[in-house]
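In terms of the numbering used here, the sequence shown has 56 at position 56, counting the first letter as 1, and numbering is strictly consecutive.
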Amino acid sequence: MTIDQPGLALALRSVIPVWVLVVIGAVLVGVFTPAAEFGKWIPIVLAAAILVTFCVQLATEEKIGFVNRVMASLGGSVVILAAATAILAVIALAPK
C-alpha cells in the first residue's frame with residue numbers, strides 16, 4: 001500500500017484551516033463571554049466548525065478521501081474544543 005502524496009497535501013490544506021478557526025473561536029469565547037456562558041458558546045463553535053468543514057471539503061471538488069478529510073477535520077475540532085472546555089472550566093471555577 002502506498003501513501004498518496006497529493007491526497008495528503010489536500011487533506012492538510014483543507015483540514016488545518018478548520019482547526020485554526022476552531023482555536024480562534026475558542027479563544028474568542030474565552031475572551032468575550034462571561035464565565036457562566038462558556039458552556040453555551042462552545043457548541044456553537046462546533047456547529048460553525050461543522051458548517052465550515054463541509055463548505056471547505058465541497059469546495060475542493062475532490063471525491064477521493066472526502067470522508068477521511070471530514071473525519072479528520074471534525075475529530076480534531078472536537079479534541080480542540082474538549083481541551084478548550086477543560087481550560088475554560090478551570091477559569092470559570094477559579095476564585096475571583
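Ideal placement from N, C-alpha and C gives every residue a C-beta, glycine not left out.
The alpha helix (DSSP H) with G65 in it runs from where to where? Taken as a continuous stretch (DSSP letters only), G65 belongs to no alpha helix (DSSP H), as it is neither H nor E.
For the alpha helix (DSSP H) containing A59, name the first residue and the last one. F38 to A59
Going by beta carbon distance, what residues of the same chain come within less than 8 Å of F66, once the five residues before and after it are set aside? Q57
According to DSSP, simplified to helix, strand and coil, what is P95? coil
Leaving out five residues on either side along the sequence, give the residues of the same chain with a beta carbon under 7 Å from the beta carbon of A35. I91 and A92
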